[in-house]
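If you're matching positions, the sequence shown starts at 386 in the working numbering and goes up one per residue.
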Amino acid sequence: MFRPVCHRPLESLRVRWISTSLVVRNATDFGTRTQTNKSASGAMKETSKFLDSVAAESPAPIRIEGGPSQDAPSVRPFASTSIIRPYEFTLKSRQNHFSPFKRPPRVGPPRDEARQRDYFHQLNLNPVDYACHPGVLNHFMSPMGKIYSRSVTSLTRKSQRRLGKAVRRSKKMGIMPTFSLKRGQGAIPSTYAGAI
């Protein structure tokens, strides 16, 4: 009445679900509706007993060598609407690779690092002296006219303070526009160059 579908031993299979439609379909071949219902329910009971006995025999979960485990990274399923390339059948392409999202730092660099990056500090220059040179100050401003924070400019605290003073002074003198820079006047800092 119940024909085994699998020819391999059950230890080598990883069972996720079992379809009972095959049992019912085989049972309908035997005759009338009442016989079908009885034989289908009998087949279901046999299947249930068989699965209970298998579960009782193997207390540990069945694992296939080289198969997925709890330690392995999760594998993305194929989307039903996508076109599959031959490379996508490899395990490497199907694994979820989570690369950490790199955010720009919220605070400026430490003192030693800022001293290495700050050209004003290295050349012993005062940014206030460049209040009349908007070409120099534009590199530290956004296209909307906002002064970039110390985390973006990587200046020392002293140079950042003086830079803000120079920008405000040049805006008050009318050398630089108050609310925005002209197109092509501002510079994008190197930390944001890939984001825009």
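Glycine included, each C-beta is placed from N, C-alpha and C at the ideal position.
| field | Residue(s) in a DSSP beta bridge with M561 | value | Looking at the DSSP assignment, M561 forms no beta bridge with any residue, so it has no partner.
| query | So the alpha helix (DSSP H) T519 belongs to, where does it begin and stop? | reply | The sequence given here has Pro at residue 519, not Thr. Start and end: 519 to 522.
| Extent of the continuous alpha helix (DSSP H) to which K477 belongs | 476 to 479
| Starting from H541 and walking both ways along the alpha helix (DSSP H), at which residues does that stretch end? | Correcting the residue type first, residue 541 is Thr in the shown sequence and not His. Taken as a continuous stretch (DSSP letters only), T541 belongs to no alpha helix (DSSP H), as it is neither H nor E.
| field | Supposed close pair S465, P494 - CB separation, criterion 8 Å | value | Not a contact, Cβ separation roughly 49 Å.
| Given Y504, which residues of its chain have a CB within under 8 Å of its CB, disregarding the five upstream and five downstream residues? | L510
| message | Quick check: is any heavy atom of the ligand GTP less than 7 Å from the C-beta of P490? | response | Because no ligand of any kind appears in the structure shown, any question about the ligand GTP cannot be addressed here.
| said: Among S544, K543, S527, Q545, whose alpha-carbon lies nearest the alpha-carbon of T563? | reply: S527
| Residues near R410 by beta carbon distance below 6 Å, same chain, minus five either side | Residue placement at R410 is poorly supported in this model, since its pLDDT is 49, which falls under 50; the coordinates still yield a value, given next. So the list is empty, once near-sequence residues are dropped.
| message | For G530 and H524, I'd like the C-alpha separation in whole angstroms. | response | 11 Å
| field | V513 - DSSP class collapsed to helix/strand/coil | value | helix
| query | When DSSP labels each residue in this structure, what does V460 get in the three-state scheme? | reply | strand
| task | Using three-state DSSP, classify M526 as helix, strand or coil. | result | strand
| Which residues in the same chain have their Cβ closer than 6 Å to the Cβ of R502, if we skip the five residues on either side of it in sequence? | S539
| field | Closest residue to K556 among S478, H518, Q545, S459 (Cα-Cα distance) | value | H518
| message | Using only the alpha-carbon positions, how far apart do S484 and S438 sit? | response | 44 Å
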